[in-house]
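When you line the sequence shown up against the numbering used here, it's residues 9 to 463, in that order.
Heads up, the thing below is written out as structure tokens.
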Amino acid sequence: LRENDLEILYKLFERIAHAFGREFGKPSTLEEFEEKLENLVNYIEKYMSDEKSNNEALQELVDAQLEELSKAYEGLSALFELNRIISSVNEPWMILKNVLKLLDNAVNYSSAVAELEIDNKIYRETVGDKEVIDYLSEQAKNHNETVLVECPSGLGSYVVVPLVSEIGKYGFLALSTYGEKRLLTAGDKKITESVAQQLLTAVNRYVMLEREIEKKRLEEQLQIARRIQLDLLPRTFPFLDTFDIGAESVSATQVGGDYYDIIKSPDGSLIGCVADVSGKGFPAAFIMSSFRSMFRLSVKISGDLKTLAEQFDRMIYDDFEIERFITAVIFKISTDGTMELVNAGHDPLYIFTKNDAIMLESTGTPFGILGNCSYGVTKTILNKGDIVVAYTDGVVEARNMKGEEFGFKRLEEVVLSNKDLKAMDIVDRIVDTAFEFSRGVPRHDDTTVLTVKYR
9 LRENDLEILY
19 KLFERIAHAF
29 GREFGKPSTL
39 EEFEEKLENL
49 VNYIEKYMSD
59 EKSNNEALQE
69 LVDAQLEELS
79 KAYEGLSALF
89 ELNRIISSVN
99 EPWMILKNVL
109 KLLDNAVNYS
119 SAVAELEIDN
129 KIYRETVGDK
139 EVIDYLSEQA
149 KNHNETVLVE
159 CPSGLGSYVV
169 VPLVSEIGKY
179 GFLALSTYGE
189 KRLLTAGDKK
199 ITESVAQQLL
209 TAVNRYVMLE
219 REIEKKRLEE
229 QLQIARRIQL
239 DLLPRTFPFL
249 DTFDIGAESV
259 SATQVGGDYY
269 DIIKSPDGSL
279 IGCVADVSGK
289 GFPAAFIMSS
299 FRSMFRLSVK
309 ISGDLKTLAE
319 QFDRMIYDDF
329 EIERFITAVI
339 FKISTDGTME
349 LVNAGHDPLY
359 IFTKNDAIML
369 ESTGTPFGIL
379 GNCSYGVTKT
389 ILNKGDIVVA
399 YTDGVVEARN
409 MKGEEFGFKR
419 LEEVVLSNKD
429 LKAMDIVDRI
439 VDTAFEFSRG
449 VPRHDDTTVL
459 TVKYR
């Protein structure tokens, strides 16, 4: 080669080397140039081989990402379709088959189980091998959070998503690729969790709706029960020419266990009663209505207070469960002012004279505790203008914001400062004052007051 030709080859060599990021320097001999050229060729061959490997790895990554995007698309499609299905039904268990079908398109599992437990009923939908389904169900019992685990055999994996919200636990959703070489991915787990959340939303909506319906149904029943209970209390009173009578009963709940009554006895006397059933709500109201029947029927047969009290004690003991009892005051007033009293474990009955307050304490245990109690009868004489006040502990045990009780002293002050009013007005003053005293504090007990002024 001519020297000019070699110079051209050297420059071309340098350009090629520079293009691949190499620097060899200018050779001084033809042999040295041949050696450098051989090194460059080897480098280029290795470079091209590495690029091919990198391109193949990049293609695999792109393919994997495309597969994940495809799964994500399928997952979104499943969520949109599931949302449409949920909107068309009220009962969430009706969509379990659709849930598994949609997940199969998005995740491509081999076995699956969706289980709901609502109102103590179990709804279940399964796909695949029974043994795998049983295994998934067993694993679901042990987890309160989502898990993604490889199967013990090393073939496949499973994901379990508990259906848990702030209002309760309602089952689970579980998928598996057991027996396959393919493992569930983090993307599969995310899709399964999203579908489970949609299903849980449907469950929550159903449960809350049922609770609201049940609440309204119960409120309606309570309103009916309240009206019935109020109808059981006397609307008019006898002996209006001899006695001025007033009474009021306010339940702490919709229905309560307080009771009052005024009846004319066979011998022409007035018999009054204020009673308090242990407990509150429906059970207490039921016992109260039963006691009313006992009281009214028994008074028509006998006006003897001792006999009446012992009958009530025996009947309540026999007819109702243990720990159910009634405290009561039963008093009998003749038109000449003679008064008899039985106090069965109740708060003291008051007799207010012109300037004094007389307390008549309990003379026996509450009705229904012993079943064979003997009750003493307290006797006294009322004078014109005397006021008899019977009440339940909802009055004297009413508490204010400081935790203080209304107490007997305040009750006495209210009556003595209003003794010239009519009986019903005195009752209103007692109830209003007790409620004002306990303003801001939920009433823990029923409140009943019965007042009789002897004319």
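C-beta atoms are modelled at their ideal positions from N, C-alpha and C, and glycine is treated no differently.
- Here G402 carries a helix assignment [DSSP, helix/strand/coil].
- Its chain contains S298 as the residues whose beta carbon lies nearer than 8 Å to that of D327, once the 5 sequence neighbours on both sides are disregarded; these appear in chain order.
- Bridge pairing for S184: S119, Y166 [DSSP].
- Given a length threshold of 3 residues, the stretch 42 to 76 has no whole run of the beta strand (DSSP E) inside it.
- Counted as a single uninterrupted DSSP element, the beta strand (DSSP E) harbouring F251 occupies residues 251 to 258.
- Under the three-pair Cβ rule at 8 Å, the stretch 399 to 418 does not count as touching the stretch 382 to 389.
- Where Y462 is concerned, the enclosing beta strand (DSSP E) starts and stops at 455 to 462.
- The alpha-carbon of A210 is positioned some 16 Å away from that of V169.
- Pairing F180 with E139 gives a Cβ-Cβ distance that is not under 7 Å.
- For T134, the enclosing beta strand (DSSP E) starts and ends at 129 to 135.
- Excluding residues up to 5 positions away in sequence, S119, V121, T134 lie with their Cβ nearer than 7 Å to the Cβ of I141 in the same chain.
- Here H354 is buried: its Cβ has 16 or more other Cβ atoms, across all protein chains shown, within 10 Å.
- When the Cα atoms are used, K340 and L226 turn out to be separated by approximately 39 Å.
- Residue environment: Y55 is assigned as exposed (fewer than 16 neighbouring CB atoms within 10 Å of its CB, all protein chains considered).
- Contact annotation, F251 with R463: C-beta distance approximately 6 Å; criterion of less than 8 Å satisfied.
- Between the alpha carbons of T343 and S257 lies a gap of roughly 26 Å.
- In this structure, the CA atom of L248 is about 25 Å from the CA atom of T455.
- N150 and I221 have their C-alpha atoms some 33 Å from each other.
- Around the beta carbon of D428, fewer than 16 other beta carbons lie within 10 angstroms, which makes this residue exposed.
- The beta carbon of N212 sits closer than 7 Å to the beta carbons of S173, I175 from its chain, once the five residues preceding and following it are set aside; these are given in chain order.
- Under the 8 Å Cβ criterion, the stretch 153 to 172 counts as touching the stretch 189 to 197, having at least three qualifying pairs.
- Using a Cβ distance threshold of 7 Å, E348 and L305 do not count as a contacting pair.
- Classified as exposed, K223 has fewer than 16 neighbouring CB atoms from the shown chains inside 10 Å of its CB.
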